[in-house]
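Chemist: First the structure, which I've put down as structure tokens, then a few questions once you've had a look.
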Amino acid sequence: LNGWTLTPAETPILTEPMEQYQMAGTKGYVLVLPDEVASRLSGEKIRLVMKLEDSGYPELKNELKQFLNSGKWQPDIQPVQELPERVTMGVTVKAWGVANSLTGFTTLSFCGLYLSIIFIILSCSVLAFEQLSAIDRNRKNYAVIDRLGVSGRRQASLVRRELSTVFLIPLFFPIVLTVLLIVGTQFFFGEAILQEGLVLFYGLVTILLFCAIYLTYFGATMSLLKRVILRPEMH
Numbered sequence: 364l365n366g367w368t369l370t371p372a373e374t375p376i377l378t379e380p381m382e383q384y385q386m387a388g389t390k391g392y393v394l395v396l397p398d399e400v401a402s403r404l405s406g407e408k409i410r411l412v413m414k415l416e417d418s419g420y421p422e423l424k425n426e427l428k429q430f431l432n433s434g435k436w437q438p439d440i441q442p443v444q445e446l447p448e449r450v451t452m453g454v455t456v457k458a459w460g461v462a463n464s465l466t467g468f469t470t471l472s473f474c475g476l477y478l479s480i481i482f483i484i485l486s487c488s489v490l491a492f493e494q495l496s497a498i499d500r501n502r503k504n505y506a507v508i509d510r511l512g513v514s515g516r517r518q519a520s521l522v523r524r525e526l527s528t529v530f531l532i533p534l535f536f537p538i539v540l541t542v543l544l545i546v547g548t549q550f551f552f553g554e555a556i557l558q559e560g561l562v563l564f565y566g567l568v569t570i571l572l573f574c575a576i577y578l579t580y581f582g583a584t585m586s587l588l589k590r591v592i593l594r595p596e597m598h
């Protein structure tokens, strides 16, 4: 650029895309150039970029806006350029942007996780009550099987197989769909999240949490059915 070779910054633009997007605009970039290079370029807009030594304090944003619009700010611009009469300023601080983004993600994630847990508990309760409501019928069926000479181990295996069909098949398809959604979210929005692999990690944790709740209902229902349906020595 004007005889100068530009080198990448220590922190690429994609490492902080939310803040860079607001600062650079849609499909824009921020290039930090030496004064002698910038002075040879034609000016279209003025955009002030500042780097703070620390994260700043909450009142700093309003103070900066007041200063930039007070007329006291006299930037060193090209001779043929003039500041517009009305200056529209947007102040973005990286630490605040990250905090706000994390707060938004945390709120949405908590709401989604809460609703999902309520839904899966409701689903497990429906499946469990459906099996428990048929205890009398199952007791008669297994009593007939017992009189036919089927061993206790075989009867316990039949109980496990029956409950596994009812519980585990409805669990398989949501897990597959959830994995696809997690991978898709990581693929499309991974660059907009500061921590690498955040969606994949917490997606896996969420799946394990759901499976733990689901399998707890499955184990409790199986234990109760065995106690009610089978003879004590068969448990």
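Each position in the sequence shown, counted from 1, maps to that position plus 363 in the working numbering.
Beta carbons: idealized from backbone N, C-alpha and C, even for Gly.
Could you say which of Ala497, Val542, Leu431, Phe550 lies nearest to valine 568 if we only look at CA atoms?
Modeler: What you label residue 568 is simply residue 205 of the sequence shown in a count that begins at 1. Answer by Cα proximity: Val542.
Chemist: Could you tell me the distance, in whole angstroms, from the CA atom of leucine 490 to the CA atom of leucine 561?
Modeler: As a position in the sequence shown, residue 490 is number 127, starting the count at 1. As a position in the sequence shown, residue 561 is number 198, starting the count at 1. Cα to Cα, leucine 490 sits roughly 33 Å from leucine 561.
Chemist: Between Thr370, Ile498, Leu593, which lies nearest to serine 520 when the distance is taken from Cα to Cα?
Modeler: Along the sequence shown, one-based indexing puts residue 520 at 157. Ranking the options by Cα distance to serine 520, first place goes to Leu593.
Chemist: With burial defined as no fewer than 16 other Cβ atoms inside 10 Å of the residue's Cβ, what is the status of cysteine 487: buried or exposed?
Modeler: Taking the sequence shown and counting its residues from 1, one reaches residue 487 at position 124. By the neighbour-count rule (16 or more Cβ atoms within 10 Å), cysteine 487 is buried.
Chemist: Applying the 10 Å Cβ sphere with the 16-neighbour rule, what's the burial state of methionine 386?
Modeler: If you number the sequence shown from 1, residue 386 lands on position 23. Reliability of the predicted coordinates at methionine 386 is poor, the pLDDT of 49 falling under 50, and no value is obtained from them.
Chemist: By Cβ distance, which residues of its chain are closer than 6 Å to asparagine 501, with the 5 residues on each side in sequence left out?
Modeler: In the sequence shown, the residue the question calls residue 501 occupies position 138. So the list reads Ile592, once near-sequence residues are dropped.
Chemist: Output the distance between the C-alpha atoms of glycine 475 and isoleucine 484, rounded to the nearest integer angstrom.
Modeler: The residue given as residue 475 occupies position 112 in the sequence shown. The residue given as residue 484 occupies position 121 in the sequence shown. Using only the alpha carbons, I get a separation of about 14 Å.
Chemist: Is there contact between the region 528 to 540 and the region 573 to 593, where contact requires at least three CB pairs shorter than 8 Å?
Modeler: Contact holds: three or more Cβ-Cβ distances are below 8 Å.
Chemist: Is the beta carbon of leucine 526 sitting closer than 8 Å to the one on leucine 588?
Modeler: Along the sequence shown, one-based indexing puts residue 526 at 163. Along the sequence shown, one-based indexing puts residue 588 at 225. Cβ atoms of leucine 526 and leucine 588: closer than 8 Å.
Chemist: Among residues of its own chain, excluding the 5 on either side of glycine 388, which ones have a beta-carbon nearer than 7 Å to its beta-carbon?
Modeler: On the sequence shown, residue 388 is found 25 positions in, with the first residue counted as 1. Because glycine 388 carries a pLDDT of 49, less than 50, the predicted location of this residue cannot be relied on, and the following value inherits that uncertainty. For glycine 388, where only same-chain residues beyond five positions count, there are no Cβ hits under 7 Å.
Chemist: How far does the alpha helix (DSSP H) with threonine 368 in it reach, from first residue to last?
Modeler: By 1-based counting over the sequence shown, the position of residue 368 is 5. First-last for threonine 368: undefined, no H or E at that position.
Chemist: State yes or no: is the C-beta of arginine 594 nearer than 7 Å to some heavy atom of the ligand SAH?
Modeler: Within the structure as shown, the ligand SAH is missing, as the structure has no ligands at all.
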